[in-house]
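Colleague: For the sequence shown, position 2 matches number 5 in the numbering used here, and the numbering has no gaps at all.
Note that the Cβ used here is the ideal one computed from N, Cα and C, for glycine as well.
Owing to the predicted nature of the structure, the values given are computational and were not obtained by experimental measurement.
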Amino acid sequence: MWTHARWRGRFLPGHLDQGDRLRAYASWCDAVEGNTTFYATPSRATVESWAAQTDPGFRFVIKLPKPITHERRLRGAEAEVAAFLDVMEPLGPRVHAFWIQLPGSFSPADVGALAAFLRALPGGHRYAVEVRHRAFFEDERSARLLERVLAAVSAEWVPFDTTVMFASPPTSDAERDAWTKKPRVPRRTHALTAHPIVRYLGRDDEERTAEGWRPWVETVAEWLREGRSPTVFVHTPDNAEAPRLARRFHDEVRARVPALAPLPEPMPLESPDEPLTLF
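#1: Drop a sphere of 10 angstroms on the beta-carbon of residue 145, count the other beta-carbons inside from all chains shown, and report buried for 16 or more, exposed for fewer.
#2: Nearest-angstrom Cα distance between residue 178 and residue 107?
#3: Measuring straight from C-alpha to C-alpha, what distance separates residue 227 and residue 235?
#4: DSSP puts residue 201 in a beta bridge; with which residues?
#5: Cβ atoms of residue 161 and residue 131: under 7 Å apart, would you say?
#6: Please list, in chain order, all residues of the same chain as residue 119 whose beta carbon is under 6 Å from its beta carbon, the five residues on each side excluded.
#7: Drop a sphere of 10 angstroms on the beta-carbon of residue 217, count the other beta-carbons inside from all chains shown, and report buried for 16 or more, exposed for fewer.
#8: Tell me which residues share the same chain as residue 220 and place their Cβ nearer than 8 Å to its Cβ, disregarding the 5 neighbours each side in the sequence.
#9: In whole angstroms, what separates the C-alpha of residue 269 from that of residue 24?
#10: At which residue ranges does the segment 20–44 contain complete alpha helix (DSSP H) runs of 4 or more residues, listed in the order of the chain?
#11: Return the residue from the list 6, 190, 154, 13 that minimises the CA-CA distance to residue 164.
#12: Would you be able to state if there are at least three C-beta pairs under 8 Å between the segment 38–55 and the segment 75–94?
#13: Going by other Cβ atoms of all chains shown within 10 Å of its Cβ, with 16 needed for buried, is residue 21 buried or exposed?
#14: What's the gap between the Cα of residue 281 and the Cα of residue 18?
#15: Going straight from the alpha carbon of residue 203 to that of residue 151, what length do you get?
#16: With DSSP collapsed to three states, give me the class of residue 159.
#17: Excluding sequence positions up to five away, which residues of its chain have a Cβ less than 6 Å from the Cβ of residue 56?
#18: Helix, strand or coil for residue 150 per DSSP?
#19: Provide the residue span of the beta strand (DSSP E) that contains residue 99, from first to last.
#20: Here's the rule I'm using: 16 or more other beta-carbon atoms within 10 Å means buried, otherwise exposed. How should residue 99 be labelled?
#21: May I ask you to report which of helix, strand or coil DSSP gives residue 260?
#22: Look at the alpha carbon of residue 42 and the alpha carbon of residue 71, and state the distance between them as a whole number of angstroms.
#23: Does residue 277 pass the burial test, meaning 16 or more other C-beta atoms within 10 Å, or should it be called exposed?
#24: What do you get for residue 127, buried or exposed, if any count of 16 or more other CB atoms within 10 angstroms of its CB means buried?
#25: With DSSP as the reference, please indicate the residues paired to residue 184 in a beta bridge.
#26: Going straight from the alpha carbon of residue 157 to that of residue 211, what length do you get?
#27: Please report the residue range of the beta strand (DSSP E) in which residue 87 lies.
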């Protein structure tokens with residue numbers, strides 16, 4: 004997302020080349036979803052560039068590639084997993100978790116494959132699983148089964164909260180697109196580990212987005228008081244204001260938990276070395 008065109012000149016300096024935009028993004032937010040890795044594994048040189056642009060404390064939540072999760076459905080993918088983890092190695096401690104997003108057709112009947120896959124993963128990393136089949140959210144036995152499988156390897160369950168999106172009909176092209184593509188599942192706020200991860204999708208309207216995240220503000224504040232270290236990603240249908248909204252969410256949590264460290268100061272939009280002009 005740090006190359007999002009809508010952010011250039013507004014949140015990220017417009018003059019930056021692609022190799023410096025992550026550095027600018029990291030001055031706004033201290034975590035990022037590695038969603039592009041789902042579609043293509045980057046080169047090791049690219050991953051080295053990501054490491055060079057971020058501090059060791061920056062958090063990458065890196066999605067496993069589609070061939071592993073959606074095409075092989077976690078079966079017989081040992082070589083692909085090993086190769087992917089090797090490419091990501093330069094990130095070191097910046098990899099907060101490897102994110103295993105499963106298709107909506109991955110049901111409670113498939114949990115055995117997930118359990119075997121998780122047991123075979125190398126140690127030394129955190130893993131987090133996102134499921135989209137409604138049975139995991141609506142059937143208590145299915146939810147408990149998944150929780151037991153995740154708890155056995157200290158993996159987290161990643162909720163994707165789209166309840167605000169589906170609370171009323173869409174009002175824009177971006178919202179209509181999200182309406183057709185995003186999972187429609189109940190909100191889930193139970194953390195399994197000390198490092199919960201939340202994905203939240205709001206609306207075009209900022210105040211509706213902020214109203215919808217109020218339950219998360221309270222939940223995240225309570226997690227922090229319990230000594231957990233949550234990571235929250237704030238989205239809207241077009242993500243045009245996402246960095247600013249993420250900072251607003253952080254400020255609302257910090258108002259309840261003053262010990263929470265502030266986010267960094269955003270990079271100036273213009274370089275101090277650029278000559279000033281009248282026109």
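Modeller: To lay it out plainly:
#1: As a working mapping, residue 145 is identified with position 142 in the sequence shown. Of the other Cβ atoms in all chains shown, 16 or more fall within 10 Å of the Cβ of residue 145; this residue is therefore buried.
#2: Here residue 178 refers to the residue found at position 175 when the sequence shown is read from its first residue. Here residue 107 refers to the residue found at position 104 when the sequence shown is read from its first residue. Approximately 20 Å between the Cα atoms of the pair.
#3: Your numbering for residue 227 matches position 224 in the sequence shown. Your numbering for residue 235 matches position 232 in the sequence shown. Approximately 12 Å between the Cα atoms of the pair.
#4: Along the sequence shown, read from residue 1 onward, the residue named residue 201 stands at position 198. Answer is 235, bridged to residue 201.
#5: Working through the sequence shown from its first residue, we reach residue 131 at position 128. Working through the sequence shown from its first residue, we reach residue 161 at position 158. Yes, they are a contact pair.
#6: Position 116 of the sequence shown, counting from 1, holds the residue named residue 119. Within its own chain, no residue has a Cβ closer than 6 Å to the Cβ of residue 119 once the five positions on either side in sequence are excluded.
#7: Within the sequence shown, numbered from 1, the residue matching residue 217 stands at position 214. So residue 217 ends up on the exposed side.
#8: The residue you call residue 220 lines up with position 217 of the sequence shown. So the list reads 252, 255, 256, 259, once near-sequence residues are dropped.
#9: As a first step, residue 269 is located in the sequence shown; it is residue number 266 there, counting from the start. As a first step, residue 24 is located in the sequence shown; it is residue number 21 there, counting from the start. Distance between the alpha carbons of residue 269 and residue 24 is about 12 Å.
#10: Listed in chain order, they are 24–28.
#11: Taking the sequence shown and counting its residues from 1, the one referred to as residue 164 is at position 161. The closest CA to that of residue 164, considering only 6, 190, 154, 13, is found on 190.
#12: With a cut-off of 8 Å on Cβ pairs, the segment 75–94 is in contact with the segment 38–55, counting three or more such pairs.
#13: Locating residue 21 in the sequence shown gives position 18, where the first residue counts as 1. Burial call: exposed.
#14: Translated into the one-based positions of the sequence shown, residue 281 becomes position 278. Translated into the one-based positions of the sequence shown, residue 18 becomes position 15. Because residue 281 sits at a pLDDT of 39, beneath the cut-off of 50, its placement in the model cannot be relied upon, and the following sentence gives the value as read from the coordinates. Roughly 18 Å between the two C-alpha positions.
#15: If you number the sequence shown from 1, residue 203 lands on position 200. If you number the sequence shown from 1, residue 151 lands on position 148. Between residue 203 and residue 151, the C-alpha separation is close to 24 Å.
#16: Residue mapping note: residue 159 aligns to position 156 of the sequence shown, counting from 1. DSSP places residue 159 in strand when its eight states are reduced to three.
#17: Sequence index remark: in the sequence shown, residue 56 carries index 53 (1-based). Cβ-Cβ distances below 6 Å link residue 56 to 25, 26 in the same chain, with the five nearest sequence neighbours on each side left out; the list follows chain order.
#18: Walking along the sequence shown from the start, residue 150 turns up at place 147. In this structure, residue 150 counts as helix in the three-state DSSP scheme.
#19: Working through the sequence shown from its first residue, we reach residue 99 at position 96. Residues 98–104.
#20: Locating residue 99 in the sequence shown gives position 96, where the first residue counts as 1. So residue 99 ends up on the buried side.
#21: Here the question's residue 260 lines up with position 257 in the sequence shown. Reduced to three states, the DSSP call for residue 260 is coil.
#22: Position 39 of the sequence shown, counted from the start, is the residue given in the question as residue 42. Position 68 of the sequence shown, counted from the start, is the residue given in the question as residue 71. Between residue 42 and residue 71, the C-alpha separation is close to 11 Å.
#23: Here residue 277 corresponds to residue number 274 of the sequence shown, with the count starting at 1. No answer about residue 277 holds up, because its pLDDT of 49 lies below 50 and its placement is not dependable.
#24: The count along the sequence shown starts at 1 and reaches residue 127 at position 124. Under this definition residue 127 is an exposed residue.
#25: Here residue 184 refers to the residue found at position 181 of the sequence shown. Under DSSP, residue 184 takes part in no beta bridge, so it has no partner.
#26: Along the sequence shown, one-based indexing puts residue 157 at 154. Along the sequence shown, one-based indexing puts residue 211 at 208. Between the C-alpha atoms of residue 157 and residue 211 there is a straight-line separation of about 34 Å.
#27: Translated into positions along the sequence shown, residue 87 becomes position 84. No beta strand (DSSP E) holds residue 87; the alpha helix (DSSP H) holding it covers 81–91.
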